[in-house]
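The structure appears right after this line, and notes come after that.
Residue numbers (this note's numbering): -5 to 144.
Written out as structure tokens, the structure is:
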């Protein structure tokens, strides 16, 4: 069965309660960008109380900051974000791999970093605005709890 066949009915319910969200400004109101993993168990909006229009959410395998850099630059330079929160999580599928193991499978371009390394990468990167507040977090998929690491 194809999952896409289930899109229309929930969308109709969403549209019915959409209200004036079409008038939200393009820049996120909290001036916040969140980098997190693409793991389907993570609901950034619910776990952090974020609503539409408040933050940019950038997701990739492992929530790797280096892979989010293009989006971060656009978000900062064109849309005014000044804070970045990097979220990794427990039970991440990326923990079952390592860089050396992936290279054996002919995947050479990836380096898997911890949350502290991702924060340091952003704090030191010349294209990230120097006044940017960067924090690092871990989301516990077992409990839903978040912890600030950096």
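The beta-carbon is built from N, C-alpha and C at its ideal position, and this holds for glycine as well.
All figures in this text were calculated on a predicted structure; none of them were measured in a lab.
With 16 other Cβ atoms within 10 Å as the buried cut-off, status of residue i
i	result
residue 40	exposed
residue 43	exposed
Residue j beta carbon less than 8 Å from that of residue i
i	j	result
residue 27	residue 49	yes
residue 113	residue 81	no
residue 144	residue 83	no
residue 127	residue 61	no
residue 73	residue 124	no
residue 67	residue 116	no
Other residues of its chain near residue i: CB distance less than 7 Å, five sequence neighbours each side excluded
i	result
residue 69	27, 50 and 75
residue 138	41
residue 57	29, 30, 31, 80, 81 and 82
residue 37	none
Own chain residues within Cβ distance below 8 Å of residue i, not counting five before or after
i	result
residue 19	47
Three-state class that DSSP yields for residue i in the structure shown
i	result
residue 133	strand
Residue closest to residue i, alpha-carbon to alpha-carbon, out of the options
i	options	result
residue 118	12, 23 and 59	59
residue 71	25, 34, 142 and 109	25
Residues of its chain near residue i, where Cβ-Cβ distance is below 6 Å and the 5 sequence neighbours each way are ignored
i	result
residue 85	135
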